[in-house]
């Protein structure tokens, strides 16, 4: 079994004890069509040849696409690259996620997309495809470490590259039907500020490069002066968004997760009204995929697969 979280910025993977990630970047490779030789990160798919993952970042025209249709369309490529890196191409069970707002309208579509596909002229597919709402995985991951009381009301906030998804859990039960999605409110906001900062210095970078700079604080080895301010602004924006939506709710805790949570955790405004209720899952970047894996294991045991 493998668990894969295909996000707008990166793909997170868990297979057994092996946890890793790669850029959710794809570009079409123009040139040789010699598909006989297998090279990780270079694949034939639907009669076209693609660079996938970190290899795609070497192309200057690469941008992350903040579009769900694109992620679902290219899901077989991302998943196969995950299988190749984990060296487990013959797995027959996968757990994947979708943003809560798109969950019910697209889970069957994603399941069908991963049930049968061809890479490099060979047929692949999963017998069992379990689709979960993003954020739910993180909540199960949190509960595995810190079981909540029945009377607890927890707000889970999953901060991604494109979206911020928030959902309330009562005790240990969480439902994607009661979630709120803030589209184009994720770390892409900070990435745009990075792009604008460098553009003012006559330096052009892509969206994918901006996300990398946010994590490293440098471009070509040179520090970016206002990176801390950009991240602090994004942290303020995120907490204000949550406060404005949930100020009238009685909450035991607010659990921050996702790559955006990892980005802002050291840049939070200490005087904010929500600061005392904030808590984190361990290693929030991989929290969703760890939760997916836990759910997948329980399904395998439950159905004796």
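Residue numbers (this note's numbering): 9 to 313.
Ideal Cβ positions, reconstructed from N, Cα and C, are used throughout, including at glycine.
Just the Cα atoms here: how many angstroms apart are residue i and residue j?
i	j	result
residue 129	residue 48	15 Å
residue 273	residue 55	44 Å
residue 123	residue 108	21 Å
residue 224	residue 281	29 Å
residue 294	residue 27	8 Å
residue 195	residue 97	32 Å
residue 3	residue 131	Residue 3 lies beyond the range of the chain shown here (9 to 313); nothing can be said about it.
residue 75	residue 158	37 Å
residue 100	residue 90	14 Å
residue 238	residue 143	25 Å
residue 218	residue 275	18 Å
residue 58	residue 52	6 Å
residue 18	residue 79	11 Å
residue 43	residue 60	Because residue 43 sits at a pLDDT of 47, beneath the cut-off of 50, its placement in the model cannot be relied upon, and the following sentence gives the value as read from the coordinates. Near 15 Å, if we compare the C-alpha coordinates of residue 60 and residue 43.
residue 198	residue 241	8 Å
residue 209	residue 227	12 Å
residue 21	residue 9	11 Å
residue 190	residue 77	18 Å
residue 115	residue 200	30 Å
residue 141	residue 184	6 Å
residue 285	residue 260	7 Å
residue 399	residue 252	A query on residue 399 cannot be resolved here, the shown segment of the chain reaching from 9 to 313 and no further.
residue 37	residue 82	15 Å
residue 236	residue 202	11 Å
residue 138	residue 162	25 Å
residue 155	residue 307	20 Å
residue 11	residue 148	14 Å
residue 88	residue 310	27 Å
residue 211	residue 29	28 Å
residue 125	residue 65	25 Å
residue 50	residue 102	22 Å
residue 63	residue 255	44 Å
residue 179	residue 277	28 Å
Which partner residues does residue i have in the DSSP bridge list?
i	result
residue 139	104
residue 265	166
residue 57	52
residue 190	172
residue 14	19
residue 286	262
residue 28	21
residue 35	59
Considering Cα atoms alone, identify which of the options is closest to residue i.
i	options	result
residue 15	296, 206, 303, 304	296
residue 279	248, 90, 171, 80	248
residue 290	132, 94, 202, 153	153
residue 229	236, 220, 11	220
residue 120	203, 133, 111	133
residue 25	305, 263, 309	305
residue 287	168, 81, 150, 86	150
residue 160	166, 173, 168, 181	181
residue 246	231, 256, 232, 265	265
residue 167	66, 103, 110, 292	292
residue 232	254, 50, 207	207
residue 110	102, 178, 188	188
Does the Cβ-Cβ distance between residue i and residue j come in under 8 Å?
i	j	result
residue 146	residue 299	yes
residue 13	residue 113	no
residue 127	residue 84	yes
residue 234	residue 258	no
residue 222	residue 271	yes
residue 192	residue 170	yes
residue 92	residue 23	no
residue 216	residue 31	yes
residue 263	residue 118	no
residue 186	residue 176	yes
residue 174	residue 283	no
Say yes only if the C-beta of residue i is nearer than 7 Å to one or more non-hydrogen atoms of the ligand NAP, and no if none qualify.
i	result
residue 213	With respect to the ligand NAP, the structure shown offers nothing to examine, as it has no ligands at all.
Return no unless some Cβ of chain D is closer than 8 Å to the Cβ of residue i.
i	result
residue 57	In the structure shown, chain D does not exist; there is a single protein chain.
**OP:** Write down every uninterrupted run of the alpha helix (DSSP H) in the segment 119–185 whose length is 4 residues or greater and which is fully enclosed by it, in chain order.
**Re:** 144–153
Original post:
Where are the alpha helix (DSSP H) runs, 4 residues long or more, that stay fully inside the segment 226–263, in chain order?
Top reply: 235–254
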